[in-house]
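Enquirer: Provided herewith is a single structure, encoded as structure tokens, for subsequent inquiry.
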Amino acid sequence: MQTFFHSLNENDIYLFQEGTHVKLADVLGAHIIPEQGGTQFSVWAPNARSVSVVGPFNGWHRDATPLSRSGGGIWQGFAPGVASGSHYKYWVESNLNDYRAAKADPLGFFHDTPPETASI
7 MQTFFHSLNE NDIYLFQEGT HVKLADVLGA HIIPEQGGTQ FSVWAPNARS VSVVGPFNGW
67 HRDATPLSRS GGGIWQGFAP GVASGSHYKY WVESNLNDYR AAKADPLGFF HDTPPETASI
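For the sequence shown, position 41 matches number 47 in our numbering, and the numbering has no gaps at all.
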């Protein structure tokens, strides 16, 4: 079962929307939570209908690890068992023109070498 942890508080969302948050990498992206045995994912996708995390940990299945919409167009969720070094992407389904794509993490710490496009 997926457990959800909020990594952004109201002040984070306020500063983000204002454009003055100076530590976005601390609250967005993928963050390992060792005491919970998994990774917290957060991404800004304001025009998304849905967002999920895909990777080898869930067989790259689009519906296996959905994220929840929180304030400011930010999507968050927790994936148990996802450890350091795991490859992942965000699967984004847009409200605009039924656009769907697997996207790298814009605040990912590491990324595959081209032509591969996963975040690590």
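In this text, a Cβ means the ideal position worked out from N, Cα and C, and glycines have one as well.
Nothing here was measured: the structure is a model prediction, and the numbers come from that model.
Runs of 3 residues minimum, wholly inside the region 76-124: which ones carry the beta strand (DSSP E) assignment?
Expert: Listed in chain order, they are 80-86, 95-100 and 106-109.
Enquirer: Pull up the DSSP beta-bridge partners for residue 54, would you.
Expert: Start at 1 with the first residue of the sequence shown, and residue 54 comes out as number 48. Paired residue(s): 100.
Enquirer: Restricting to Cα atoms, I'd like to know which of 80, 31 and 118 is closest to residue 92.
Expert: Position 86 of the sequence shown holds residue 92. Of the listed residues, the one whose Cα sits closest to residue 92 is 118.
Enquirer: Between the region 82-102 and the region 44-61, are three or more C-beta pairs nearer than 8 angstroms?
Expert: Enough Cβ pairs lie closer than 8 angstroms, so yes.
Enquirer: Pick out whichever of 122, 115, 124 and 121 has its Cα sitting closest to the Cα of residue 32.
Expert: Residue mapping note: residue 32 aligns to position 26 of the sequence shown, counting from 1. Among 122, 115, 124 and 121, the Cα nearest to that of residue 32 is on 115.
Enquirer: Suppose you measure from the CA of residue 46 to the CA of residue 15; what does that come to, to the nearest Å?
Expert: Residue numbering aside, residue 46 sits at position 40 when the sequence shown is read from its first letter. Residue numbering aside, residue 15 sits at position 9 when the sequence shown is read from its first letter. Near 14 angstroms, if we compare the C-alpha coordinates of residue 15 and residue 46.
Enquirer: Which partner residues does residue 45 have in the DSSP bridge list?
Expert: For this step, residue 45 is matched to residue 39 along the sequence shown. Paired residue(s): 38 and 85.
Enquirer: Leaving out five residues on either side along the sequence, give the residues of the same chain with a beta carbon under 8 angstroms from the beta carbon of residue 30.
Expert: Translated into positions along the sequence shown, residue 30 becomes position 24. So the qualifying residues of the chain are 22 and 113.
Enquirer: Are residue 4 and residue 51 closer than 9 angstroms when you measure CB to CB?
Expert: The chain is shown only over 7 to 126; residue 4 falls outside these bounds and no answer can be derived.
Enquirer: Using 10 angstroms around the beta-carbon of residue 102, count the other beta-carbons present and answer buried if the total reaches 16, otherwise exposed.
Expert: Position 96 of the sequence shown, counted from the start, is the residue given in the question as residue 102. Residue 102 is exposed by the Cβ-count criterion.
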